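Trainee: Right, I'll just put the structure down here and ask away after.
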Amino acid sequence: MSTPIIEVRDLRKTFKLGEQTVHAVDNVTFTINRGEMVGIVGPSGGGKSTLLGLIGGLDKADEGSIVLDGTEISTLNERDLTTIRNEKLGFVFQFFNLIPNLNALENVALPVEFAHRPQFKPQARATELLTHFGMGDRLRHRPNQLSGGQQQRVAIARALANNPPILLADEPTGNLNTEASELVMSTLRQVRDDFGTTVILVTHDPHIASQADRMLTLVDGKLVRDEE
Amino acid sequence: MKHLPFFFRQAMANMNRNRQRTIFVLFCIAVGVAAIVSLRTLGLMIGDSLTQNLQQDNRGDLSASVPVTAIMGVGEFDPELINRGSSMFISPSFSQVGLERMAAWADENGYEMTVASRNSDTDRIRLNQNDSQPESILAFFIEPEKYPYYAEITFVAPAGGTLATTLRGENDIVIAERLARLLGAEIGTELRLVGPDVYVVTGIVDDGAEASLRDLNAVLFPYVYLRYDMAAARLNVQADTVYFKLPEGADSAAAGESFSETFTGIPVTTTADLREQNESLSENLTKLITTMGLVSLLIGGIGIANTMNVVVGRRTLEIGVLKTVGVQANQITLMFLIEAALMGLFGSILGILLGLGMVSGLQSVAERVLAQQLAFTLYPEAILMGLITGSVVTLVFGFLPTIAAGRVRPQVVLNPTDAALPQAGRLISIFVVLIMTGIIGLMVTLIVGNGWVGFGIAYGALVVLGLALLFFWVIVIIMSVLPSFGFVTIRLAQRAIGTHASRTASTLLALVIGMFSLSLILLLTQSVINVIEVSFAQAIGGNVLIVPQTLADSERAQEVLQGLEGVNSIQQDVVYESQIVAINGDRDMTRLTAEARERALEAAAASSRSGRAPDSEINTGQGRFDLYEFQIQSLVNPLELQLASHPDTDRTYNIVAGQDITPASNRQLLLEKTSVVEWLDLQPGDVLTVQYTDGSEMELTVAGLWTRSLTSGAVNFSFGSNESPAIISDNSLPPGYEPISSPIIADVDKERVSEVSRAFANERGIFVLEISQLQELTARIIRQLTALPLVVAVLALFASTVIIANTVSLATLERRRQIGIMKAIGLQSRDVLRLLLLENGLVGLLGGVIGTGIGAAAILALGIVSSNLSSFPLLTLIGLVILSVIISLAATLITAYGAAQEKPLIVLRYE
């Protein structure tokens, strides 16, 4: 369990906010190994979400390199980035971002149906994952018929649909009560243990972050602490 | 009210912030307003051109013409005044006696008079330049020194020309610009009428010089001017119209009355009559045109309602925030209302500018259709109407969503992801819709000038639109649950359509209205053209019609045809004319026909449900005449005869009473069993005394009655011979009796048709008509007549296109986050685009199928193609459905391309 799956080197991203230039990510370097569960913490505006966006190929870095599972993604075009997202990455968001007119099963099946190299049958895969996360009795429910914790578990199942090596979670418990938060965190640990998925989660909650194997702290775009 | 400035600022800022959406809304409003302004302006322009220059239009203070019914010998005119004409090749005209008496009447009263021939047969006179394709034309034979009494004919070339300066010699001809274009003729070009005489073009006049709504012939055909004094002799044309000029200040109405008293039954038009006719005509025309404009605005209204719904829906969070800081529900409604009002105002102003721009395009179409010069004028009335209609309609359609906005609960701020727009409440919705429909009804009332009609239209439209919306809503729901055959994109598209079922339904409605109006007009045009083509082919049985004037000409024509190659078959119908002067020795034809008319009325009463005879009087605009009398007279006088021995005599008849005859039978005749024969109570064994045109009489015995065994298409074309009701044995004619017409129908190899026309170009007294040319001509006329409604239909469709673009752009705006999610989980841009295209392509397909389907159903219901379903323009129908899909796809591509490029990063942002 010591092969690196994410290698970030000298990463920089700046924004212009009016007259001011903001260094959202400032010369950050780190490596994450396969199967690790890593929490990224820091104060609001510290650059956590920007870093996650860069790793997830949702945004382009100004400088530096990101290697995901052997692929350098900072030079890829939008098309290839989409393929990477489809095959190597799963996303979980604070506000769940389920598609409202599709039910739980269809939401989870969607990435499989649009898989660039399909390895599963969409329906079967979605049923399997949802059942695995204890949602087997909610397959035909629409998002607005589910609680927040349930929606987030559907979102996690969707993120894992194509069995990606990496799961990125942006404040996955930010919109949930304590009980639901605990449930979601245990689900994420389950993901790591059962599927060997590398999990990276961004949070501002130290208690949540402490449940990870490793914690990276970002302040003003700089990596100030990296602890086990 | 003290917050008003804040609301104004807020509304302006909102419109500016959502620029793309604002532009679409403005466009929606503008298209409707533009339609209203341009069509209303056009209507007023046509009205003005109709009611001004009445003397010019009438060509004099008084104009009198031969009654249209003269050819059938029906009407209460003095027969001495008129040459009745005969068959379709010689039109009625004033007799020499008639013209002399009218000249005497004018002299007596101190009026000036000029004579003209306007209605001489169009088929007979054609232009033929360098053996090129002949054109059917209208020839006006006039006295250039006097005609017209008022105003001048506008000359295109030579500049400042007049008829008096250009028509000087017997070979001078002045032609309309359209004809010059068709033939490529200019001043000095040599042209030929049928026959060997060569004419030289000495002037070209504007197309509008003769055409008016009173003379539709001149609107439809290109025309020429010739000198009456010289052409009359050469082409055997007699005057059928006279114009009088009264001294300054004389009472034209009184002069008209005096004329009518002196010359009973001759229709006369005074400038006052013309004013009355034209005013009512222009009023109806303007109403019609404006109502058509309202349709476009109605479609625009649907777009406005959709947009306002999204405008409010997208801002529920913002509304929630405003509520938490203490803004009242009614203030929020007011804020959005102000925004709607501003958009209505700006959209209307844009629409007025657009509409005034469109007038020039519409003007040229209308000028072509009506062949009437129109003067562009700014009508404040039309502009004001557009402004008010646009603003009011925007407010009306935007009102419900703004009420919904006021009802947003402030809690939404706590959970921004399910900030759905609440319903406005059923009772309030119904109330508002009824009130708003009332406002629209008031506007229609102002346009139409009748409250019942106005409110009837508005509430009727409300019911119809409501039912239509419900219907489409059901269809959309059904479509969204149909199997997707395992295609995930289809399922996603179905879901998206189903989620916004009511919005999709209203978009569909807009598209269906647009497609329906376009398909109705196009399908109608094409059906009529197809039916005519088929009927021509069936009825004629050849492709060249040759019409000799006399028996000698006929023999010559046969000779020429024998010498030509490529002639496959020749048929000739020879028709003789006579008149029934006595039945069974009873010479009181006036009483006999009156009795027949009574029987006709009785028969009509017996078959009608109410037990009363329908009104048989028909107003021709040139006096009234009786339909039954007309039918009876057209059998009695003239009675058209055909020889039993003639090889082409139609042998497809069935004898239904009495017995058949042979050519050798002694003075016997067969009559077609028509209702007229029944009314006259004619039976086998009855004896008819017929009078021939040379004055001799003969008694013929009715041997039998026959009916046609073959029925041709719904439209029957009579060339004077095919339909002869009476077949006679050979010795029933006086010796040496000349037929009234003897048209030859030849079937010629296609590539040799023009050779045949050329072979007859130098023959006087024989004219040749290519059937294909006749078809082309009818098709051209039909297209010309439908050009104006077509423009309106295209406008309506254009409005629907804007609605679709608007709906798509709104839908994609709403789904920016959704598109972001899809891209985050690995959908490519083209997957997203394909999804949106599929979604709206389905709507386009459905709209096209329903819209053109209703159009097609209407055409079938009208029964135009009933007898011949193969004439149904299936290709046009398919083309229209494809057009509908293309329109939707194009609208989607334009608006959704950008959305499909949405950066997936959006999913990490919360606005």
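Residue numbers (numbering that gives the first Met the number 0), protein chains in the order written: chain C, 0 to 227; chain H, 0 to 910.
Each residue gets a CB set at the ideal place from its N, CA and C atoms; glycine is no exception.
All values derive from a computational prediction rather than experimental measurement.
Output the distance between the C-alpha atoms of residue 746/H and residue 564/H, rounded to the nearest integer angstrom.
Mentor: To locate residue 746/H, count along the second sequence from 1; it is residue 747. To locate residue 564/H, count along the second sequence from 1; it is residue 565. Each residue's Cα considered, the two are about 11 Å apart.
Trainee: Any Cβ of chain H within less than 8 Å of the Cβ of residue 16/C?
Mentor: Here residue 16/C refers to the residue found at position 17 of the first sequence. Residue 16/C does not count as touching chain H.
Trainee: Return no unless some Cβ of chain H is closer than 8 Å to the Cβ of residue 137/C.
Mentor: As a position in the first sequence, residue 137/C is number 138, starting the count at 1. So, not an interface residue.
Trainee: I'd like the list of long-range same chain contacts for residue 910/H, defined as Cβ closer than 6 Å, with 5 residues on each side in sequence excluded.
Mentor: For the purposes of this step, residue 910/H is taken as residue 911 along the second sequence, with counting starting at 1. Bear in mind that a pLDDT of 45 at residue 910/H, under 50, signals an unreliable position, so the model cannot answer this.
Trainee: DSSP three-state call for residue 153/C: helix, strand or coil?
Mentor: Taking the first residue of the first sequence as 1, we reach residue 153/C at position 154. In this structure, residue 153/C counts as helix in the three-state DSSP scheme.
Trainee: Roughly how far, in whole angstroms, is the beta-carbon of residue 199/H from the beta-carbon of residue 184/H, given that I think they are within contact range, below 8 Å?
Mentor: For the purposes of this step, residue 199/H is taken as residue 200 along the second sequence, with counting starting at 1. For the purposes of this step, residue 184/H is taken as residue 185 along the second sequence, with counting starting at 1. Incorrect: roughly 10 Å between the Cβ atoms, too far for contact.
Trainee: When DSSP labels each residue in this structure, what does residue 625/H get in the three-state scheme?
Mentor: The residue labelled residue 625/H in the question sits at position 626 within the second sequence. In the structure shown, residue 625/H sits in a strand (DSSP, three-state: E or B).
Trainee: Does DSSP put residue 631/H in a helix, in a strand, or in coil?
Mentor: Here residue 631/H is taken as the residue at index 632 of the second sequence, counted from 1. Helix, per DSSP.
Trainee: Which term fits residue 279/H, buried or exposed, when burial requires 16 or more other beta carbons within 10 angstroms of its beta carbon?
Mentor: The residue labelled residue 279/H in the question sits at position 280 within the second sequence. Counting Cβ neighbours within 10 Å, residue 279/H comes out exposed, since fewer than 16 surround it.
Trainee: Does residue 918/H get closer than 8 Å to chain C when you measure Cβ to Cβ?
Mentor: Given that chain H is displayed from residue 0 to residue 910, the structure contains no residue 918/H and the question cannot be resolved.
Trainee: Which residue comes first and which comes last in the beta strand (DSSP E) that contains residue 243/H?
Mentor: On the second sequence, position 244 is the one that residue 243/H refers to. Per DSSP, residue 243/H belongs to the beta strand (DSSP E) from 240–244.
Trainee: Are the region 220–239 of chain H and the region 163–173 of chain H touching by the rule of at least three beta carbon pairs closer than 8 Å?
Mentor: Touching, per the Cβ criterion.
Trainee: Measuring alpha carbon to alpha carbon, tell me which of 63/C, 41/C, 103/C and 137/C ends up nearest residue 11/C.
Mentor: Position 12 of the first sequence, counted from the start, is the residue given in the question as residue 11/C. Among 63/C, 41/C, 103/C and 137/C, the Cα nearest to that of residue 11/C is on 63/C.
Trainee: Entirely within the region 14–55 of chain H and at least 3 residues each: give me those beta strand (DSSP E) ranges in chain order.
Mentor: Within the region 14–55 of chain H, no complete beta strand (DSSP E) run reaches 3 residues.
Trainee: For the structure I just gave you, are there three or more beta carbon pairs, one from the region 52–61 of chain C and one from the region 1–8 of chain H, closer than 8 Å?
Mentor: As far as the Cβ criterion goes, the region 52–61 of chain C does not touch the region 1–8 of chain H, which means the pair count is below three.
Trainee: Run through DSSP, which three-state label would residue 6/C get?
Mentor: Counting from 1 along the first sequence, the entry for residue 6/C is found at position 7. If DSSP states are grouped into helix, strand and coil, residue 6/C belongs with the strands.
Trainee: Should the region 891–901 of chain H be called in touch with the region 538–554 of chain H, which here means at least 3 C-beta pairs below 8 Å?
Mentor: Verdict: no, contact absent.
Trainee: In or out: residue 243/H buried (at least 16 other Cβ within 10 Å) or exposed?
Mentor: Here residue 243/H refers to the residue found at position 244 when the second sequence is read from its first residue. Residue 243/H should be labelled buried.
Trainee: May I ask you to list, following chain order, the residues of the region 127–154 of chain C that have a beta carbon less than 8 Å from some beta carbon of chain H?
Mentor: Result list: 143.
Trainee: Closer than 8 Å by beta-carbon distance: list the chain A residues that pair up with residue 492/H, in chain order.
Mentor: Absent here is chain A; the protein component of the structure consists of chains C and H.
Trainee: Could you give the DSSP three-state label for residue 435/H: helix, strand or coil?
Mentor: Residue mapping note: residue 435/H aligns to position 436 of the second sequence, counting from 1. The answer is helix: DSSP assigns residue 435/H an H, G or I state.
Trainee: What do you get for residue 744/H, buried or exposed, if any count of 16 or more other CB atoms within 10 angstroms of its CB means buried?
Mentor: Taking the second sequence and counting its residues from 1, the one referred to as residue 744/H is at position 745. So residue 744/H ends up on the buried side.
Trainee: On the three-state DSSP scale, how would you describe residue 58/C?
Mentor: Counted from its first residue, the first sequence places residue 58/C at position 59. Residue 58/C: coil per DSSP, three-state reduction.
Trainee: Going by CA-CA distance only, name the one from 643/H, 206/H and 103/H that's closest to residue 136/H.
Mentor: The residue you call residue 136/H lines up with position 137 of the second sequence. Answer by Cα proximity: 206/H.
Trainee: Taking the alpha helix (DSSP H) that residue 121/C falls in, what are its first and last residues?
Mentor: Counted from its first residue, the first sequence places residue 121/C at position 122. Run containing residue 121/C: 121–131, per the alpha helix (DSSP H) assignment.
Trainee: Of the residues 258/H, 451/H and 192/H, which one's Cα is nearest the Cα of residue 440/H?
Mentor: One-based indexing of the second sequence puts residue 440/H at position 441. Of the listed residues, the one whose Cα sits closest to residue 440/H is 451/H.
Trainee: What's the gap between the Cα of residue 76/C and the Cα of residue 158/C?
Mentor: Taking the first residue of the first sequence as position 1, residue 76/C is located at position 77. Taking the first residue of the first sequence as position 1, residue 158/C is located at position 159. For residue 76/C and residue 158/C, the distance between alpha carbons rounds to 22 Å.
Trainee: For a cutoff of 8 Å on Cβ pairs, would you count residue 165/C as touching chain H?
Mentor: Locating residue 165/C in the first sequence gives position 166, counting from the first residue. Taking Cβ atoms only, chain H never reaches closer than 8 Å to residue 165/C, which makes this a no.
Trainee: Where in the region 195–283 of chain H do unbroken runs of the beta strand (DSSP E), each at least 3 residues long, occur, reported from the N-terminal end onward?
Mentor: Qualifying beta strand (DSSP E) stretches, in chain order: 197–204, 222–226, 240–244 and 267–269.
Trainee: List, in order along the chain, the chain H residues whose C-beta lies closer than 8 Å to that of residue 100/C?
Mentor: Position 101 of the first sequence, counting from 1, holds the residue named residue 100/C. Chain H residues near residue 100/C: 494, 495, 497 and 498.
Trainee: Could you list which residues in chain H have their beta carbon closer than 7 Å to that of residue 46/C, in chain order?
Mentor: The sequence position of residue 46/C within the first sequence is 47, counting from 1. Ordered by position in chain H, no residue passes the 7 Å Cβ test against residue 46/C, which lies about 12 Å from the chain.
Trainee: Does the structure place the region 833–849 of chain H close enough to the region 102–111 of chain C that three or more beta carbon pairs sit under 8 Å?
Mentor: Judged by Cβ distances under 8 Å, the region 102–111 of chain C makes no contact with the region 833–849 of chain H, as fewer than three pairs qualify.
Trainee: Which residues bound the beta strand (DSSP E) around residue 166/C?
Mentor: Residue mapping note: residue 166/C aligns to position 167 of the first sequence, counting from 1. Here the beta strand (DSSP E) through residue 166/C covers 165–169.
Trainee: Any idea which residues DSSP pairs residue 705/H with across the strands?
Mentor: Reading the second sequence from its first residue, position 706 is the one you call residue 705/H. Residue 705/H pairs with 654/H and 671/H.
Trainee: Would you report the Cα separation of residue 353/H and residue 512/H, rounded to the nearest angstrom?
Mentor: As a position in the second sequence, residue 353/H is number 354, starting the count at 1. As a position in the second sequence, residue 512/H is number 513, starting the count at 1. C-alpha separation (whole angstroms): 22 Å.
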